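Protein chains: 2
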Amino acid sequence: MHDRTTLPSAYLHTIDLCLLRYNRERCELEILLHQRDSEPFAGHWALPGIVVNGDVEDRSLNDAVERLRRSSKVDMPLAWLEQVGTVGDAFRDPRCWSSSTFYLGIVSDPVQPGPQQGFFALGEVASGAFKLPFDHNSLVAQTRERLFSKSLYSSLPLMFLGQEFSAPEAVSIFSLVLQRPVLKTSIRQRLLKMSEAGYLQETGRKKSGDGGRPQATVESLKPTELYLFDRCFLE
Amino acid sequence: MHDRTTLPSAYLHTIDLCLLRYNRERCELEILLHQRDSEPFAGHWALPGIVVNGDVEDRSLNDAVERLRRSSKVDMPLAWLEQVGTVGDAFRDPRCWSSSTFYLGIVSDPVQPGPQQGFFALGEVASGAFKLPFDHNSLVAQTRERLFSKSLYSSLPLMFLGQEFSAPEAVSIFSLVLQRPVLKTSIRQRLLKMSEAGYLQETGRKKSGDGGRPQATVESLKPTELYLFDRCFLE
DNA sequence: GTAATAGTGTCTATGAGACATTATAAG
DNA sequence: CTTATAATGTCTCATAGACACTATTAC
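Residue numbers (UniProt numbering), protein chains in the order written: chain G, 1 to 235; chain H, 1 to 235.
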């Protein structure tokens with residue numbers, strides 16, 4: 001029926017990372033992009049990613065993710081990492097049929113982006129107002145959707161805040177991620193729950209906010225683990 | 001350092017399907033397996049799956065899933081389908097480095113398995129008591145975990161029951177999936193919520209259970225959609 | 001003192017959990 | 001009638017939401 005050769009068809013399997021951070025000055029979420037230096041789309045800003053097949057040096061997909069994280073495209077510590085999904089079709093890459101397994105990452109520490117790195121407003125990228133090559137806008141949108149839905153019933157947004165943070169900061173990040181005002185009483189009760197469960201403890205330290213009374217801080221006792229609440233934030 | 005050739009390294013990307021059904025007689029969940037007729041592991045029971053790369057005839061990963069669903073390995077209508085994840089490493093397939101994107105499927109209609117098809121107790125397969133080739137036991141375990149966690153806050157288990165079902169049947173399937181007794185009052189309230197939201201409606205029909213008073217039935221108005229409850233089942 | 005923000009207390013609404021009571025079938 | 005199961009009603013408890021009130025800082 002169709003032409004068969006002994007060579008395998010051209011095929012690419014990549015992993016791509018949607019690495020997010022909380023910009024406190026701008027009060028918005030940002031995503032790390034990498035300025036490509038090879039074709040296709042050389043010079044364009046795109047998700048940092050690597051090819052998994054080809055001359056495979058990784059022992060596993062997780063090893064490949066770690067290789068990407070250590071590469072100059074990323075090269076920052078991650079407070080959170082989870083796989084979001086895999087897409088694949090004949091059109092997304094002009095070279096050939098390709099699949100991408102893409103991840104949600106969160107960085108909490110302040111970092112200075114390298115020469116080919118840049119942080120861009122997540123909203124612009126997810127909406128497509130800031131256009132990325134391939135189907136990367138779609139991957140970003142799916143990743144933001146994952147972040148949103150998981151933030152309704154888990155402590156995920158706290159990953160943006162790092163080891164030590166205050167209740168008002170928690171209110172800010174939840175409001176930002178959920179894109180609506182969240183009452184401080186709800187957040188405080190949730191933080192209390194997490195303390196009772198051994199996920200947080202009060203530090204006794206304070207940090208000053210934008211004037212006014214200083215904020216008491218808590219610190220994470222299980223910084224790599226998510227706490228799951230048994231109720232969602234309601235509409 | 002290591003041998004490089006101009007040929008691409010051997011690499012396989014497959015999709016595998018964990019297709020589940022509710023066996024009312026045995027009161028347990030079952031998973032569809034396929035008896036392999038080619039190496040490796042010819043003759044063994046394994047997850048139904050197909051290769052995505054190679055001579056690629058699909059336009060997309062979703063098309064590939066549909067090709068698998070129509071193939072003799074599956075060949076049954078699906079009440080639900082979702083991607084669970086992608087794994088990949090150098091060891092899971094004896095032939096070469098390989099990745100698998102695996103899916104959770106649910107079939108509600110009674111079907112007669114074909115000659116190389118069989119339904120097996122999900123618990124046995126997920127626990128590894130019934131051994132599958134490759135890392136398929138692990139894929140099944142991850143899929144069951146997805147089913148479990150999503151069943152805490154959504155109507156997913158109802159997908160096992162088909163278009164028309166009764167409240168006691170809903171209690172049974174939720175108890176089975178969550179692996180603990182679920183009170184009928186909780187289920188009834190949830191079904192009521194779904195009716196108010198336009199997902200279910202009463203049929204006026206009844207079906208007789210195991211003696212006793214007949215069961216009123218409801219029918220699904222949005223059989224392909226999940227309803228999300230705003231609270232989890234506790235404990 | 002005032003202004004600003006942090007933190008606490010209290011009330012309501014919702015829904016899960018638990019269990020008692022009534023309803024409808026078969027024999 | 002008895003027995004079995006379905007369906008309903010009622011109570012408690014936990015927690016999100018809402019908002020009032022008090023506390024602690026800077027000036």
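Ideal Cβ placement from N, Cα and C applies to all residues, glycine included. Keep in mind the model is a prediction, meaning the values are calculated, not measured.
Who are the near neighbours of L19/H in its chain, counting only those whose CB is closer than 8 Å to its CB and skipping five residues on each side?
If we look at L19/H and ignore the five residues flanking it on each side, its Cβ neighbours are I31, L32, P48, V74, M76, L78, G105, I106, V107.
What's the C-alpha gap between F165/H and L147/H?
The alpha-carbon atoms of F165/H and L147/H are separated by roughly 20 Å.
To the nearest angstrom, how far is the alpha carbon of G162/G from that of S155/G?
Distance between the alpha carbons of G162/G and S155/G: 12 Å.
Looking at the structure shown, is Q189/H part of a helix, part of a strand, or coil, going by DSSP?
If DSSP states are grouped into helix, strand and coil, Q189/H belongs with the helices.
Going by the beta-carbon positions, is the gap between Y199/G and K184/G smaller than 9 Å?
It is not a contact, given that the beta carbons lie outside the stated cut-off.
Could you say which of E219/H, A197/H, D210/H lies nearest to D230/H if we only look at CA atoms?
Considering only alpha carbons, the answer is A197/H.
Report the three-state DSSP secondary structure of N53/G (helix, strand or coil).
N53/G falls in the coil class under three-state DSSP.
Please report the Cβ distance between V52/G and T14/G, rounded to the nearest whole angstrom; I am assuming they are in contact, meaning their Cβ atoms lie under 8 Å.
Yes, V52/G and T14/G are in contact; Cβ-Cβ is about 6 Å, under 8 Å.
Return the first residue and the last residue of the alpha helix (DSSP H) that V125/G is part of.
Note, V125/G: alpha helix (DSSP H), 122-127.
With DSSP collapsed to three states, give me the class of S149/H.
Helix, per DSSP.
Is there a C-beta anywhere in chain G that falls below 9 Å from the one on Y153/H?
So yes, Y153/H belongs to the interface.
Tell me, please, whether the CB atom of H2/H is closer than 9 Å to any CB atom in chain G?
Caution applies to H2/H, whose pLDDT of 37 falls short of 50 and renders its modelled position unreliable; the value that the coordinates give is listed next. It does: the Cβ of H2/H has a partner Cβ on chain G nearer than 9 Å.
Let me know the secondary structure DSSP gives residue 238/H once reduced to three states.
Only positions 1 to 235 of chain H appear in this structure, which leaves residue 238/H out of reach.
Kindly indicate which three-state DSSP category R205/G falls into: helix, strand or coil?
In this structure, R205/G counts as strand in the three-state DSSP scheme.
Counting only C-beta atoms, is Q112/G closer than 9 Å to chain H at any point?
By this cut-off, Q112/G is not an interface position.
Applying a beta-carbon distance threshold of less than 7 Å, which residues of chain H neighbour R59/G?
Ordered by position in chain H, the residues that pass the 7 Å Cβ test against R59/G are D89, A90.
Pull out every residue of the stretch 112-144 of chain H whose Cβ sits closer than 8 Å to any Cβ of chain G, in chain order.
Answer set for the stretch 112-144 of chain H: empty.
What's the gap between the Cα of S195/H and the Cα of Q201/H?
If I take the Cα positions, the gap works out to 6 Å.
What three-state label does DSSP hand L7/H in the structure shown?
Low confidence applies to L7/H: its pLDDT is 48, below 50, so where it sits in the model is not reliable enough to give any reading.
Would you call the CB atoms of Q83/H and G85/G closer than 9 Å?
In this structure, G85/G lies closer than 9 Å to Q83/H by Cβ.
Where does Q163/G sit, in a helix, a strand or coil, going by DSSP?
Note: Q163/G maps to coil in three-state DSSP.
Hey, how far is the Cα of D37/G from the Cα of S60/G?
Taking the straight line from one Cα to the other gives about 26 Å.
Is the distance from the Cβ of E28/H to the Cβ of L152/H below 9 Å?
No, Cβ-Cβ distance for E28/H and L152/H is not below 9 Å.
Since D58/G and R67/G should fall inside the 8 Å C-beta cutoff, what is the C-beta to C-beta distance between them, to a whole number of angstroms?
Right, their Cβ atoms sit about 6 Å apart.
Residues of chain G with a CB under 8 Å from the CB of R231/H: which are they?
Under the 8 Å cutoff, chain G gives D230, R231, C232.
Per the DSSP calculation, D16/G is bridged to which residue(s)?
Partner(s): G49/G, F102/G.
Along chain G, in chain order, which residues have C-beta atoms closer than 7 Å to that of G85/H?
Chain G residues near G85/H: Q83.
Going by CA-CA distance only, name the one from F41/G, G88/G, W80/G that's closest to residue 304/G.
A question about residue 304/G goes unanswered here, because the residues of chain G that appear run from 1 up to 235.
Do E219/H and T203/H have their C-beta atoms within less than 9 Å of each other?
Cβ distance < 9 Å, so E219/H and T203/H count as in contact.
Buried or exposed: which applies to F102/G, given that a residue is buried once 16 or more other Cβ atoms fall within 10 Å of its Cβ?
With 16 or more Cβ atoms within 10 Å of its Cβ, F102/G is classed as buried.
Return the bridge partner residues of T217/H from the DSSP annotation.
BP columns for T217/H point to S166/H.
From what residue to what residue does the beta strand (DSSP E) around residue 250/H run?
Residue 250/H lies beyond the residue range present for chain H, which begins at 1 and ends at 235; the question has no answer from this structure.
Given a threshold of 16 other Cβ atoms within 10 Å of its Cβ, counted over all protein chains shown, does S100/H qualify as buried or as exposed?
Classification of S100/H: buried, given that the 10 Å Cβ count is 16 or more.
Taking C-alpha atoms, which residue in Q35/G, E25/G, P115/G lies nearest to P133/G?
Out of Q35/G, E25/G, P115/G, Q35/G has the C-alpha closest to the C-alpha of P133/G.
With 9 Å set as the bound, which would you pick, yes or no: does the beta-carbon of N23/G sit closer than that to a beta-carbon of chain H?
By this cut-off, N23/G is not an interface position.
Report buried or exposed for F91/G, applying the criterion of at least 16 other Cβ atoms within 10 angstroms of its Cβ.
That one is exposed.
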